[in-house]
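Shown next, in structure tokens, is the structure this report addresses.
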Amino acid sequence: MSEKEVLYSQKAAVATITLNRPKRGNALSGPMVNQFVDILNKAIDDPTVRIIVVTGNGKYFCTGMDLTPQDDDTTSATDPVAATQSMFSTLSRSPKPTIARVNGPALGGGVGIVFSCNFRIVQSSAYFSMPEVQRGLIPALISEVIVPQLGAFRSKQYMLSGERVSAQEGYRVGFVTSVAEDEASMDKKVQDYIDLLSQSGPGAMRDVKLLVDNVDGRGGNAKVVPTYVREAFGKMITSEEAAHGIGAFASREKPNWDDFGLGAEKLKSKL
């Protein structure tokens, strides 16, 4: 690699991860996947980072896995399947809120990255497609993050047809947060969500994500879910973060979450 295929920057409490292979449509090479996971973990472990934004450089957000043969000097000893699964799971299970700034089309693995993020701000000209079957392949690795959100019917429709799903259709179906007419509008919408998230307690946001995943994953079990929810509430209401937030509310002051950043030593949820 002559230049970094994944870029990292931080402004205040916001870390931005940029896919940087514009000449290849930001297609994911093996080393690129490894680098993405390393950088993502860096952002997760940094207590000064509270929000993570993922975007692409150039015309595309991400065109999926790079299926072209790799040169010997760009290969990796890491199991590519395990590394790709780690990329999706680490992003989707990040204890910090994630925003996909979808600057262009997302295909295959790129759709998986989008679905691994909590918020998806999409430029109006962008589209989504899972064309693997047209190459005799199946979207196996991304299915874990897509099928639970889309459901069986639409997952089969999109995966079997490989059709292009517009940003507007994604919004109508419900897997896109907001559609932006141009780049300036997209950046404004991203910033709007950053501003909203910045008002919330870091630990509370971590535990909300865990709460939803656990309640959803337990299939609405009439016995297990109520017990889990009661336990989660009890542990939350006695936390230092909750005391600070409630105290600020009672004093009609804006809470200051600077002392509650999530670093490596605080990432384990209390739930």
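Just so we're aligned, residue 0 is where the sequence shown starts under numbering that gives the first Met the number 0, counting upward by one.
We treat Cβ as the ideally placed atom computed from N, Cα and C, and that holds for glycine.
Item checked: Collapsed DSSP secondary structure at T89 in the structure displayed -> The residue labelled residue 89 in the question sits at position 90 within the sequence shown. Residue state, collapsed to three classes: helix.
Note to self: Assuming contact is defined by CB atoms lying nearer than 8 Å, are I141 and F87 in contact in what I supplied?
What the structure shows: Position 142 of the sequence shown, counting from 1, holds the residue named residue 141. Position 88 of the sequence shown, counting from 1, holds the residue named residue 87. Yes, they are a contact pair.
Check: Quick one, which of D215, T226, Q198 and P96 has its alpha-carbon nearest F248's?
Finding: The sequence position of residue 248 within the sequence shown is 249, counting from 1. Answer by Cα proximity: Q198.
Checklist line | Boundaries (first-last residue) of the beta strand (DSSP E) holding S8 | finding: Within the sequence shown, residue 8 is the residue found at index 9, counting from 1. Its beta strand (DSSP E) spans residues V5 to K10.
Margin query: Looking only at its chain, what residues have a beta carbon closer than 7 Å to the beta carbon of E240, apart from the 5 residues adjacent to it on each side?
Written below: Position 241 of the sequence shown, counting from 1, holds the residue named residue 240. These residues qualify, in order along the chain: G200, G202, A203 and F259.
Check: CB-CB under 6 Å to F35, same chain, minus the five flanking residues each way: which ones, in chain order?
Finding: By 1-based counting over the sequence shown, the position of residue 35 is 36. Excluding sequence neighbours, F35 sits near V5 and M86.
Next item on the list: Check the C-beta distance from S115 over to S154 and give it rounded, since I have them as a contact under 8 Å.
Entry: In the sequence shown, residue 115 corresponds to position 116, counting from 1. In the sequence shown, residue 154 corresponds to position 155, counting from 1. About 15 Å; that fails the 8 Å criterion.
Next item on the list: Out of D194, E230 and L196, state which residue places its alpha-carbon closest to the alpha-carbon of L210.
Entry: Position 211 of the sequence shown, counted from the start, is the residue given in the question as residue 210. Considering only alpha carbons, the answer is E230.
Notebook entry, point to check: Is it right to say G216 is buried, meaning 16 or more other beta carbons lie within 10 angstroms of its own, or is it exposed?
Noted result: By one-based count along the sequence shown, residue 216 stands at place 217. Classification for G216: exposed.
Next item on the list: Enumerate, from N- to C-terminal direction, the unbroken alpha helix (DSSP H) stretches of 4 or more residues contained entirely within the stretch 73-140.
Entry: 79-91 and 108-114
Next item on the list: Reducing DSSP to helix, strand and coil, say where V172 ends up.
Entry: Numbered from 1 along the sequence shown, position 173 holds the residue referred to as residue 172. Three-state result, V172: helix.
Checklist line | Rounded separation between T97 and V53 - CA only | finding: Translated into the one-based positions of the sequence shown, residue 97 becomes position 98. Translated into the one-based positions of the sequence shown, residue 53 becomes position 54. Roughly 7 Å separates the two Cα atoms.
Check: Cα-Cα, which of S128, L136, T77 and E143 is closest to E162?
Finding: The count along the sequence shown starts at 1 and reaches residue 162 at position 163. Selected option, being the one with the closest Cα: S128.
Check: If you follow the beta strand (DSSP E) that G55 is part of, which residue opens it and which one closes it?
Finding: To locate residue 55, count along the sequence shown from 1; it is residue 56. Taken as a continuous stretch (DSSP letters only), the beta strand (DSSP E) holding G55 covers I50 to G55.
Margin query: By the DSSP assignment, the alpha helix (DSSP H) with A179 in it spans what residues?
Written below: Here residue 179 is taken as the residue at index 180 of the sequence shown, counted from 1. Counting along the chain, A179 falls outside any alpha helix (DSSP H), though it belongs to the beta strand (DSSP E) covering S177 to A179.
Next item on the list: Give the range of the alpha helix (DSSP H) segment to which T226 is assigned.
Entry: As a position in the sequence shown, residue 226 is number 227, starting the count at 1. Segment V223 to I236, the alpha helix (DSSP H) holding T226.
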